[in-house]
Amino acid sequence: MKFVAKVITFLFYFQCISIISGQQTFVIDGDEVDISAAPYMLSLRRLGHHICGASVISKYWTITAAHCLIKTVPSQVTLRGGNRNRFLGQLFNAERIVLHPNFNINYDFDVAVLKTVQQLIEKDNLIRPIALGLQGTYSEAGSLGTVAGWGITEVSQL
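This is the structure:
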């Protein structure tokens, strides 16, 4: 539980930065990359269908948006990872879902962590945890970042 509390603290910081920016933006026209460029990326699935992306943060824990898991129980959730195709790769079962305690219908604190039954990170697979910033560190306005996920590639698809 101590680990979950640390993650939620980090996520609170992350969510605050998102709120401060206050802009709705879209990422379009990205580049396809080999999974080794984003080994932390997972397909979050409900009842077998891709619903959101998630990122590996430790051997058994992932991070995602809380709105992806509203009214969802672990038995409905699986994750796929280790392949850039969200329909392929290793399959993992969910054991526990923890929504941020302040998450609400306005999407404030839109973050959750999810524990898997199976270990995500093993020697022989392509899955690795995402690098998290240290507590108390900040990015300057205009800093570059990386966005990974599955989405649309053209404005006409909005």
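Residues -22 to -1, 1 to 136 in mature numbering (1 follows the signal peptide of the UniProt record, and there is no 0) are what the sequence shown lists, from first letter to last. C-beta atoms are modelled at their ideal positions from N, C-alpha and C, and glycine is treated no differently.
- Between Thr42 and Ser33, the CB-CB gap stays under 9 Å.
- When secondary structure is reduced to three states using DSSP, Gln68 falls in the strand class.
- Every beta strand (DSSP E) stretch that sits fully inside the segment 37 to 114 and reaches 3 residues is listed by chain position as 39 to 42, 55 to 59, 68 to 77, 90 to 94.
- In terms of Cα proximity to His45, the closest of Pro79, Leu104, Tyr116 is Pro79.
- A distance of 9 Å or more separates the beta carbons of Leu25 and Gly31.
- Non-local C-beta neighbours of Leu47 in its own chain, meaning closer than 6 Å and more than five positions away in sequence, comprise Ile75, Ala90, ordered along the chain.
- A distance below 7 Å between beta-carbons, with the five flanking residues on each side excluded, links Ile108 to the following residues of its chain, in chain order: Tyr18, Ser33, Val34, Ile35.
- Our two residues, Asp9 and Lys93, have alpha carbons roughly 30 Å apart in a direct line.
- Per DSSP, Ala32 is one residue of the beta strand (DSSP E) stretching across 27 to 34.
- Beta-bridge annotation (DSSP): Leu22 is paired with Cys30, Leu57.
- Separation of Gly59 and Leu66 (C-alpha to C-alpha, rounded to the nearest whole angstrom) is 8 Å.
- Judged by their CB atoms, Thr40 and Leu20 are nearer to each other than the 9 Å cut-off.
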